[in-house]
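Numbering (my numbering), first residue to last: 205 to 408.
Here a beta-carbon is modelled for each residue, glycine too, at the ideal position from N, C-alpha and C.
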Amino acid sequence: MAQSRHTVSGEFDLSMDELRVVARYVVRHAEDVLPVFEQAVPDDSRPRAAIDAAWTFINGANRARLQRVTSLDAHRAARSAPSEAARLAARCAGDAASAPYLHPIAQAGQVGHILRACASAAHIGELEAGGDLTIGDALLERSRQRASPVLIDVLCRYPPVTGGGSRVARLMSALDHSLRQVADLPQGGGAASGADGRGKEDGT
């Protein structure tokens, strides 16, 4: 499908502005955990390059080969990482670079492109805290607070995910459910949106 400068269409439409909101949401979580990878593999710059590519799109550039290539490279870095936490951190970076290519098809599997990095970051927090599951719960709450109304609106165009066998899958399902509950609240009771320091506010 040829790229539109403004909208991609499938079973519904996604605007470039909406895709930038999604990419910003994902990249913020990827940045949180990037040090976990870089401390484990200090000479591997592939995840950082993926994060930089995500910001290139977020800050106004067109989607391009840059995001695709750096995403694949970050996921390759994940496969060779020496620990589960480092692997998940590299995968978060890859997810950030691939977020601009979220597909407008109503399949629950697409939700992973929006929320998997959040769930992975929460699980990394648990691992870094010696398996303390309360840390994951707290980090999911932070992810819920970070989600702007635009992000939640995009999420709700997709079917909900169901809990899987892995801890990351269960965390992602819990966050998905929580954000959909936010969408059902009366106006004014939803998530807050805020600036992240490297771009515009999430809801813009």
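Start-to-end residues for the alpha helix (DSSP H) that takes in residue i
i: residue 338; result: 337-350
i: residue 371; result: 371-387
i: residue 252; result: 250-262
i: residue 201; result: The chain is shown only over 205 to 408; residue 201 falls outside these bounds and no answer can be derived.
Rounded separation between residue i and residue j - CA only
i: residue 364; j: residue 244; result: 34 Å
i: residue 316; j: residue 376; result: 8 Å
i: residue 241; j: residue 341; result: 22 Å
i: residue 286; j: residue 321; result: 19 Å
i: residue 350; j: residue 239; result: 20 Å
i: residue 336; j: residue 233; result: 19 Å
i: residue 314; j: residue 334; result: 31 Å
i: residue 295; j: residue 225; result: 19 Å
i: residue 329; j: residue 289; result: 9 Å
Status (buried if at least 16 other CB within 10 Å, exposed otherwise) for residue i
i: residue 309; result: exposed
i: residue 261; result: buried
i: residue 248; result: buried
i: residue 210; result: exposed
i: residue 345; result: exposed
i: residue 291; result: buried
i: residue 325; result: buried
Extent of the continuous beta strand (DSSP E) to which residue i belongs
i: residue 212; result: 211-213
Identity of the residues DSSP links to residue i by a beta bridge
i: residue 219; result: 211
Min CB distance residue i to chain B below 9 Å
i: residue 384; result: Note that chain B does not occur in the displayed structure, where there is just one protein chain.
Handout entry: Ranges of the alpha helix (DSSP H) found wholly within the segment 266-315, counting only runs of at least 4
Key = Those alpha helix (DSSP H) runs which fall completely within the segment 266-315 and span 4+ residues are 269-283 and 288-302.
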